[in-house]
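Chains as they are written, first to last, in my numbering: chain R, 12 to 264; chain S, 1008 to 1191.
No residue lacks a Cβ here, since even glycine has one placed at the ideal position from N, Cα and C.
Structure first, then comments.
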C-alpha cells in the first residue's frame, strides 16, 4: 500500500478482494484427490485405477442396460457370411475367370508344354556336382588401381569443367572482355592502327566538307543584299590587283 | 479339431487357407462378436445402428485379414477397425443431422432416453447419459478402459495415441462423468 502511495496510484484506495468463487470444500479434499490421482497413474490394473479415481463409478454395475434381440449372437456369423457372399463383387478366382471368359476358364488346367522325363530330379543333382571356379576380382591389384584411376580422372575432369564454366566469358556477362578476347586479340595491331588512322581521315574530310558547305552558306547569307554589279566590279578589281602583284613579285626576284 | 479352440495365430493360418477360410472366419466372428458389438453399441446406442456398423466391420475384416501383418494382437486390430468404422458412421450421422435440423431423434442422448427400458433414476442409465456428454474420442477411451479394461499400451495401438495422452483423457473423463451423475 505504501508502495502504491509512493507511485501515486489510485489503486491504493481499493481493498484487495477475490472476485472468483471456489467450489465448497474444494481445498479440504484437494490433497486426497491429488494423491489418489498419483496412485491411479502408477497402477496398471484398471479396477484399482478406477477405485482411486472414482469410488462412485467403481461401485456402479458394469452390466449394460441395453437390450439385445434374442438369438442375435447365434445368427450373427451366418448373417455376415451371407452378406459377404451375396455381395455383387464377391467371387472366388475360379468364378471370376468363369464369368469373364468361359473359354479361358476351360483352358486353365491344360498345359501345352512338355518337360523331358526325369528333368527335375536330375536338376538337383547337377547343381550339386557342378563345381564353379570362383575368381575373386577384388584380389587383383591391377583391377583396383584401374578403378581408382578412372574415378580420380572423372573427378578431375568434372572439376575442370566446373571451373571453366564459371570463368567462361560470355557476351551477355562481360561484353567488353568478350570483344577483347574474341575480336581484338585475333586482329593484328598494325591493322588496327591503320583502321584508326583511316577512320580519322575520313572523319576529317567529312569535317572539311561540312565546314566548306557551312562557309558557302554563310557567304550567301551575307551577300544576299549586295547587288550583282558591285560583286562583278569587286572581282575585276581583285583580278587586276593580283596581276600587278605578280609582276612586282617577279621583278623583285 | 474345432476351430473355436484355436489361438489367434492358428486361426489366421486357417483363414489364409482357401479350404478353411470360411470356417476360420466364422470362428473369429464367434470369438469376438460380443466384445466388438458392445464396443460399438456403447458408441452408437441403437441396436440397429450397432448391427449395421458391425456388419461393415466384419466385411472389412474379411477383405483385410489376408494382409494382417501380426505386428499387434488380432483383437487390437479388430478393435481398431471397429473404432474407425464407428467414427465414420457417427460422422455420417452428424452430416445427416445438419441437413435435417428438425430430426432431434438423431441425438444419442435422446436415443438413450428413448430406450424402452430407460429409467433415469437408475445409476447405470445415468452413467450412459454421462458417457454421452464426452467428446467422441474421449468416449472411446473411457469405454475401452472402463468396460474392456484394455491396457493403455494396447489402447495406444488401437487409437494411435500416446499412453500419456490416453491416461490423461481417461482421468478427465472419469471426473466429468462423476460430476454429471452427482448433478443429475
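For residue 1157 of chain S, the three-state secondary structure derived from DSSP is coil. When 7 angstroms is used as the limit between beta carbons, residue 1188 of chain S is near these residues of chain R: 67, in chain order.
Residue-level contact check: residue 1027 of chain S does not touch chain R, since none of the beta carbons of chain R fall below 7 angstroms from its beta carbon. Close to residue 1152 of chain S, with beta-carbon spacing below 7 angstroms, are these residues of chain R in chain order: 57.
Contact between the stretch 1126–1146 of chain S and the stretch 1030–1040 of chain S is not established, with fewer than three Cβ pairs separated by less than 8 angstroms. Secondary structure at residue 248 of chain R: helix, using DSSP grouped into helix, strand and coil. A residue is called buried when at least 16 other Cβ atoms come within 10 angstroms of its Cβ; residue 55 of chain R does not meet this threshold and is exposed.
At least one C-beta of chain S is nearer than 7 angstroms to the C-beta of residue 95 of chain R. A Cβ-Cβ separation of about 13 angstroms leaves residue 1189 of chain S out of contact with residue 1140 of chain S under the 8 angstroms criterion. With distances taken between CA atoms, residue 1078 of chain S lies nearest to S:1164 out of S:1164, S:1179 and S:1178.
For residue 1136 of chain S, the enclosing alpha helix (DSSP H) stretches over residues 1130–1139.
Exclusion of the five residues before and after residue 1057 of chain S leaves 1044, 1047, 1048 and 1051 as the residues of its chain whose Cβ lies within less than 7 angstroms of its Cβ. Residue 38 of chain R: member of the alpha helix (DSSP H) spanning 37–53, first to last residue. Under the 7 angstroms criterion on CB atoms, residue 1050 of chain S is classed as non-interfacial with respect to chain R. For residue 1171 of chain S, the uninterrupted alpha helix (DSSP H) run begins and ends at 1170–1190, by DSSP.
Exclusion of the five residues before and after residue 47 of chain R leaves 63 as the residues of its chain whose Cβ lies within less than 6 angstroms of its Cβ.
Across the set S:1152, S:1150 and S:1055, the C-alpha of S:1055 shows the shortest separation from the C-alpha of residue 1122 of chain S.
Taking 8 angstroms as the upper bound for CB-CB distance, residue 66 of chain R and residue 1132 of chain S are not in contact here, some 20 angstroms apart. Rounded to whole angstroms, residue 1072 of chain S and residue 68 of chain R show a C-alpha spacing of 37 angstroms.
The C-beta of residue 33 of chain R comes no closer than 7 angstroms to any C-beta of chain S. Contact between residue 88 of chain R and residue 1036 of chain S holds: CB atoms are separated by about 4 angstroms, below the 8 angstroms threshold. Chain S places a beta carbon closer than 7 angstroms to that of residue 71 of chain R, counting this residue as a contact. Taking each of R:45, R:91 and R:17 in turn and checking the Cα distance to residue 1069 of chain S, the smallest one comes out for R:91. Per the coordinates, the alpha-carbon of residue 49 of chain R lies some 52 angstroms from the alpha-carbon of residue 96 of chain R.
Residue 1039 of chain S and residue 1159 of chain S have their C-alpha atoms some 20 angstroms from each other.
Between residue 1147 of chain S and residue 1090 of chain S a beta carbon distance of about 6 angstroms is seen, short of the 8 angstroms cut, so the two are scored as contacting. In the DSSP annotation of this structure, the continuous segment of the alpha helix (DSSP H) that includes residue 1035 of chain S starts and ends at 1028–1051.
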